[in-house]
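Participant:
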RNA sequence: GGGCGCAUAGCUCAGUUGGUUAGAGCGUCACAUUGACAUUGUGAAGGUCGGAGGUUCGAAUCCUCCUGCGCCCACCA
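Following this line, the structure appears as structure tokens:
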């Protein structure tokens, strides 16, 4: 292939889209079309991006990591499936569309109505979906688009209804009137994990309900106190012991009348404030628990509209909570009931999506009973215990391993999950009512007069079923049999609780199987300074920009190399540029090889890469040839092992070192003077293309197809060919050292040009490579001496390279042997160390001794 | 308050069952360049592995404490 046929620099934008289109057209992303017999299956479901907009770096890192895993598995001959999909993300999407609606038309969802609103959300979701799909393709993700799914499409809706009905029938889903987290802005309930805490300043009031009330309490929310039904104190608190059990009836309080019972409860901290806690059962989850324990009455004083109810009394009824707070505080002051006011910092619960201040309110909602006991396989279990057992037993592993501890903590503390939402966009609760009748079913009931429950399900309900609904459940499909449990779930550690926990919960229950064998958690992509990327900081790096500028391959490498599971990584444009340089280096390595060998396409028969190298190269192999083939074998073995262990970064680094340092900087330089290396050059190049393909699919596919004409994506992964040659590796390292030393001498000479240097190389095997040394050290202009080896006259400073190196090594080894001897004597004397240790040390010492003897012999000959 | 981490070169980080002389990338500096590649090559400088103890023949690695950071959960009313 002529050099001028290949561009000097690799410009990714010229190739990537075309290559992706060709892959897609080949149908090879679909495991059913993969060539050969593939008994072992490998599957990943793509964590479905929310249809709320565009992909960010978090998605890019996810796509990069998963595509590496998937392409590696495919090349290893596994029946490989990676399922794409998107998530309807009920709250997030609704909120987004509501915001747009309000901004552009000044309307709320209620103004346009349920049907019209849903139409708009779906249009938005479709748009967003198309953008996301395009971005996945830009990243090179080898997703099987023929199996694409949506968390809210008809198939998934059917599955959700089946699951709901089953769990309802089994008593694991129930409807109950309980204190839940109400988001007054989003007008919906939210689960515990959808709460984010903001630190705000608040006033802590200490006061009494009435002048003659014996106990003072503290609160930052005086307005809720009209709903108090009790005061709780610690059981051991002697100050209040006399009052425990007493009820103070009909206390006039801020426009209403309250009755307060004094109870003793261990949850109360006697050291905080007055040591007494005013209990508001309807508007605090903690208080609701206390109330439940003591059988206290619950009085709702805040409504779903965020305003005080009629029950709150004449003084505050109809006011917002904020207004009521001031009103009650003013009333307390006027009555002379306040005993203290101080500013404190408080963690305010807000809704993650809408930003609204979360109000605990009692409401009739649907719940999943995660701690309810039932029988399964002859054992008494709960959903939580099943989920916990899956990880404890090792059926599902989590990397990094420390995340398993976090997972257990979660499994042990999970409360019943509020699954109903008052949103319109989502899976409608499959329950119908008529008078006093309730019907729970997969389809609407027959007959007239039925009304469906207006609520929808938490988005994580359908997301929790993602691994098996995408494979066809509840039908018994071939996909389900082949690909479930999935091999790996790869996702960010930040949604371990949101999603991974839900999947474990629902899959272990519904499938009696784990959803995945391995959870691989990646970290957050941060900016150069380690800050989160955010709009307000204006430090967002858009993956599409990076792809346009440096190519998808470079973008992928920059996200994968240098980051380890569970740890955040930093990204800068310079980093991506660095990997673009590497992409170009690989391109030019190929350009050089392909333009120097005569028949690149046929030199190495397809499917027999490794064996042919031995045959063709035969006995004419030089030291450099044996060295590079040995190194290649080492790298193939090591990279395969690392990828098997999902150590992507380490695998990539090793490959880069070999490609750049060993192959390009040494072997290719030698190939410029030692001829007849075509077969080896092609062997290394082809193997490199395969090894790099999972990481850099585009550039490798482009290079491969330019001389091979087949699809690299489905080529077989290289295997170890049996070229390991430790002697060659050792010997070559000496050559490298000699060349390096000479280069240094030349550099020194330039600094001190007056001195002359004579370099003598007297190592026989190194001598055999005089030409290589001369070439690499650029010695052609320097005269060679005649003996005892190559004498390179550079100046008048005598420097015997090999002798110097050996002498240094001898001294080091002698010191090591001596110190080991001393230690061994000590070990044997105390006899405390295990025999294994002593033996190990002795073996190492003996090895060093032997080496030392060899060096001494060589030096004295 | 409960839990999980991190601290290794100027910066970003590897270092997987404790083992000979602790590594890489970037950056810096010096030198090189008609050869596939200036998106290049060669080399140098730079580390008491946060501190103090301990276990061990041997510790960046294991244990304890201290210092300084980060994250998650709880939500003190």
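In my numbering, the protein residues as written are 16 to 876. C-beta: ideal position from N, C-alpha, C; glycine also.
Have a look at 569, 660 and 695 and flag the residue whose alpha-carbon is nearest the alpha-carbon of residue 613.
Facilitator: 695
Participant: Does the contact criterion of 3 or more C-beta pairs under 8 Å hold for the stretch 653–664 versus the stretch 76–89?
Facilitator: Judged by Cβ distances under 8 Å, the stretch 653–664 makes contact with the stretch 76–89, as three or more pairs qualify.
Participant: In or out: residue 238 buried (at least 16 other Cβ within 10 Å) or exposed?
Facilitator: Classification for residue 238: buried.
Participant: So, helix, strand or coil for residue 542, using DSSP?
Facilitator: It is coil, neither helix nor strand.
Participant: Do the CB positions of residue 418 and residue 511 come within less than 8 Å of each other?
Facilitator: Against a cut-off of 8 Å, the Cβ pair of residue 511 and residue 418 comes out as a contact.
Participant: For residue 109, which of helix, strand or coil comes out of DSSP?
Facilitator: helix
Participant: Relative to the C-alpha of residue 461, which candidate in 449, 699 and 287 has its C-alpha closest?
Facilitator: 449
Participant: Can you give the Cα-Cα distance for residue 656 and residue 88, rounded to whole angstroms?
Facilitator: 13 Å
Participant: How many angstroms separate the CA atom of residue 804 from the CA atom of residue 788?
Facilitator: Since pLDDT at residue 804 reaches only 45, below the 50 mark, its modelled position is unreliable, and no value is offered.
Participant: Can you tell me where the alpha helix (DSSP H) with residue 362 in it begins and where it stops?
Facilitator: Residue 362: not part of any alpha helix (DSSP H); member of the beta strand (DSSP E) spanning 353–366, first to last residue.
Participant: Alpha carbon to alpha carbon, how far is residue 402 from residue 426?
Facilitator: 7 Å
Participant: For residue 90, collect the residues of the same chain with a Cβ closer than 8 Å to its Cβ; drop the 5 residues on either side in sequence, then sort them by chain order.
Facilitator: 705, 708, 709, 728, 729, 730, 731 and 732
Participant: Do you know offhand how far residue 714's Cα is from residue 675's?
Facilitator: 16 Å
Participant: Between residue 321 and residue 336, which are expected to be in contact by the criterion C-beta below 8 Å, what is the C-beta distance as a whole number of angstroms?
Facilitator: Contact flag correct, Cβ pair sits at about 6 Å.
Participant: So, with DSSP's three-state summary, where would you put residue 224?
Facilitator: coil
Participant: Assess, as a yes-or-no matter, whether the stretch 127–139 is touched by the stretch 508–525 under the definition of 3 or more beta carbon pairs within less than 8 Å.
Facilitator: Under the three-pair Cβ rule at 8 Å, the stretch 508–525 does not count as touching the stretch 127–139.
Participant: With distances taken from CA atoms, which of 152, 644 and 465 is nearest residue 559?
Facilitator: 152
Participant: Have a look at the DSSP bridge pairing and note the partners of residue 564.
Facilitator: Paired residues: none, contrary to the question.
Participant: Bridge partners of residue 584, per DSSP?
Facilitator: Partner(s): 540.
Participant: With DSSP as the reference, please indicate the residues paired to residue 245 in a beta bridge.
Facilitator: 276 and 294
Participant: List in chain order: all unbroken alpha helix (DSSP H) runs of 4+ residues lying wholly within the stretch 379–464.
Facilitator: 398–407 and 417–428
Participant: Residues in the same chain with beta-carbon distance under 8 Å from residue 389, minus the five sequence neighbours each way, listed in chain order, please.
Facilitator: Here the set comprises 185, 186, 187, 395, 396 and 397.
Participant: Have a look at 785, 308, 718 and 645 and flag the residue whose alpha-carbon is nearest the alpha-carbon of residue 740.
Facilitator: 645
Participant: If you draw a straight line from the C-alpha of residue 861 to the C-alpha of residue 867, how long is it?
Facilitator: 10 Å
Participant: Here's the rule I'm using: 16 or more other beta-carbon atoms within 10 Å means buried, otherwise exposed. How should residue 176 be labelled?
Facilitator: Residue environment analysis places residue 176 among the buried positions, since at least 16 neighbouring C-beta atoms fall within 10 angstroms of its C-beta.
Participant: Would you say residue 247 and residue 305 are within 8 Å of each other, going by their C-beta atoms?
Facilitator: yes
Participant: Does the beta-carbon distance from residue 240 to residue 201 come in below 8 Å?
Facilitator: no
Participant: DSSP three-state label for residue 531, please.
Facilitator: strand
Participant: Among 571, 318 and 608, which one has its Cα closest to the Cα of residue 598?
Facilitator: Ranking 571, 318 and 608 by CA distance to the CA of residue 598 puts 571 first.
Participant: If I follow the unbroken alpha helix (DSSP H) through residue 737, where does it start and stop?
Facilitator: First-last for residue 737: undefined, no H or E at that position.
Participant: Can you tell me where the alpha helix (DSSP H) holding residue 180 begins and where it ends?
Facilitator: 169–184
Participant: For residue 639 and residue 70, I'd like the C-alpha separation in whole angstroms.
Facilitator: 47 Å
Participant: Apply the 10 Å Cβ neighbour rule to residue 463 and answer buried if 16 or more other Cβ atoms are within range, or exposed otherwise.
Facilitator: exposed
Participant: Can you list, in chain order, the residues of its chain whose CB lies under 7 Å from that of residue 112, leaving out five sequence neighbours each side?
Facilitator: 135, 136 and 139
Participant: Using a 10 Å radius around the Cβ and a threshold of 16 neighbouring Cβ atoms, would you call residue 110 buried or exposed?
Facilitator: Under this definition residue 110 is a buried residue.
Participant: Is DSSP giving residue 626 helix, strand or coil here?
Facilitator: Its pLDDT being 44, under 50, residue 626 is placed unreliably in this model, and the coordinates cannot settle the point.
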